[in-house]
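Here this note's numbering = 1-based position in the sequence shown + 41.
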Amino acid sequence: MQLILFDEKSALRPVAPFSRQLLKWIGNKQRFAHEIVALFPNDIGRYFEPFIGSGAVLATLAPVDALGSDNFLPLIEIWSMLRRDPVTLKAWYAERWHRFKSAKDKVSGYESIKASYNSKPNGADLLFLCRSCYGGVVRFRQSDGYMSTPCGIHDPISPESFSLRVDDWHHRTAGADFVRLHYEQAMDMAKEGDLIYCDPPYSHTQSILYGAQAFDLSNLMRVIDRCKKRGVFVALSIDGTKKSGKTDCKLPIPEGLFEREVFLNCGRSMLRRFQMNGQSLEEELVADRLLLTYQDPSSR
Ligand SMILES: C[S@@+](CC[C@H](N)C(=O)[O-])C[C@H]1O[C@@H](n2cnc3c(N)ncnc32)[C@H](O)[C@@H]1O
C-alpha cells in the first residue's frame, strides 16, 4: 500500500473548501471535505455516501448523481426535506428558533424542543437541536436512544442565516437522493465505475454518540471487498484521532484491500511519528486517514 501525506498532493485537482455547515454533527468532515474530494477519481458514475451524517463531503463534491444514506431516520427526514421542500425545512428551523427565543429563558426553550424530540424522534426537532445543543454534540443515551445533550452556550444562528444555508445546500445536493438504509444495502447498489465514500462510526468516542457500540468494522471490510471486486471505487475515512498509546488501534484491515493510504491535514513532522507498519500511529498524533481501493485519482 502506498502512503502519501497531504503536503505531497499538490498535483491533485484543487477543490475549493466549503465550510458553511447546514447541520452540526459530531465527527463531521467539513474541515477536510475538500481534501477528501481532491482524492476522488475524476470520472465516476454514481456517487454513494452510505454514512451521510451532516453530508459535508457530498455537499463539497456537489455530484450530478448521488445517493446519500444513513440508518438514522430523523437525519434522513432532514435531508429528504432539503431536497423535496426547502421552504418547509426553513420553516422547521424558524418556528423552533422563535419558540426558543420567546421562552422565559433559553434553557427552558431548548428543553421543550428536546422533550418534543424525545417523545417522538423527528427531523424537525433534531434540526434545531443539532444547531443549538452544547458543543454541537448530539448525544443519545445508549439504553433507549434518549437525546441527552444540554443546551449550548452559544446563540443558534438566525432563521435568515439558516435560510441562506438551505439555499446553498439545496443547490449543492440537487443531484442526490436521500434514503434511510443500512450501509450494506446502499453499498450493494453500487455498480462498476461508481464511487463510495465511507465515514463509519468507528472510534471509541463515536460509539456513544450513534449507539454504534456494535459497529462491526470487519463486516464493512467484507462489503468494501465485494465492491472493489465489482469495479466500484471506495474511499474510507478511518481512525481520525489517536489520543493515547494505550488505546488498541489495531483495525481489521485485510491485506491488499486498499491501494493507497493518505493522511489529511497533518504537518511534515508527522512522517517521523508514523510507524511504517501501516496500521498504527504514535501517541498524540491527530490526523485524518483515508484509505483508497484505487491508485491514481485521475485514472480509471
Ligand atoms: C462519522 S458519522 C458521518 C459523518 C459525516 N461524514 C459528516 O461529515 O458529517 C457516521 C454516521 O453513520 C451513521 N451510521 C451508523 N451506523 C450505520 C449503519 N449501520 N448504516 C448506515 N449508517 C450508519 C450514523 O448515524 C452517523 O450519521
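For each residue, glycine too, the CB sits at the ideal point set by N, CA and C.
What are the start and end residues of the beta strand (DSSP E) that includes A107?
A107 to D111
Can you list, in chain order, the stretches of the alpha helix (DSSP H) that have 4 or more residues and sit fully within the region 73-122?
74-78 and 97-102
Assuming the contact rule is C-beta atoms closer than 8 Å, L292 and D329 should be a hit. Round their C-beta distance to whole Å, please.
L292 to D329, Cβ: 15 Å. No contact.
Starting from E302, follow the beta strand (DSSP E) in both directions and report where the run begins and ends.
R301 to L305
Starting from F169, trace the alpha helix (DSSP H) in both directions and tell me its first and last residue.
G164 to S173
Write down the C-beta distance between C239 and L64 rounded to the nearest angstrom, noting that I regard them as a contact closer than 8 Å.
Rounded, the Cβ-Cβ distance is 19 Å, inconsistent with contact.
Let me check one thing: in DSSP terms, what residues is L277 bridge-paired to?
C239 and L332
Taking Cβ positions, are E90 and G109 nearer each other than 8 Å?
yes
Quick one: is T129 buried, meaning 16 or more other Cβ sit within 10 Å of its Cβ, or exposed?
exposed
When the Cβ atoms of the region 91-102 are set against those of the region 70-77, are three or more pairs found closer than 8 Å?
yes
Does DSSP put A231 in a helix, in a strand, or in coil?
coil
Minimum C-alpha distance to L102 - residue among P115, V78 and I117:
V78
Is DSSP giving D218 helix, strand or coil here?
strand
Helix or strand or just coil, what does DSSP make of F59?
coil
State the DSSP-derived secondary structure class of D289, mapped to helix, strand or coil.
Since pLDDT at D289 reaches only 47, below the 50 mark, its modelled position is unreliable, and the value read off the structure follows with that caveat. Reduced to three states, the DSSP call for D289 is coil.
How would you write the range of the alpha helix (DSSP H) that V40 sits in, first residue to last?
Absent from the structure is residue 40, since the part of the chain shown begins at 42 and ends at 341.
Using a Cβ-Cβ cutoff of less than 7 Å, which residues in the same chain neighbour M228 once the five nearest sequence positions on both sides are dropped?
F89, P91, I237, V264 and C268
Residues near W133 in its chain [Cβ-Cβ closer than 6 Å; skip 5 each side]
A165 and L168
How far does the alpha helix (DSSP H) with E296 in it reach, from first residue to last?
Unbroken run through E296: none, as it is neither H nor E.
heavy atom of ligand 1 below 7 Å from S223 C-beta:
Sequence check: residue 223 is His here, not Ser. True, at least one ligand heavy atom lies under 7 Å from that Cβ.
Residues that DSSP places opposite M262 in a beta bridge
DSSP lists no partner for M262.
Minimum C-alpha distance to F203 - residue among K155, S149, S173 and D84
S173
Nearest-angstrom Cα distance between G175 and E233?
Note on residue identity: the sequence assigns Tyr, not Gly, to residue 175. Whole-angstrom Cα-Cα distance: 43 Å.
Have a look at V56 and V220 and give me their C-alpha separation to the nearest angstrom.
27 Å
Starting from the Cα of H211, find the closest Cα among I85, G68 and I119 and give me that residue.
I119
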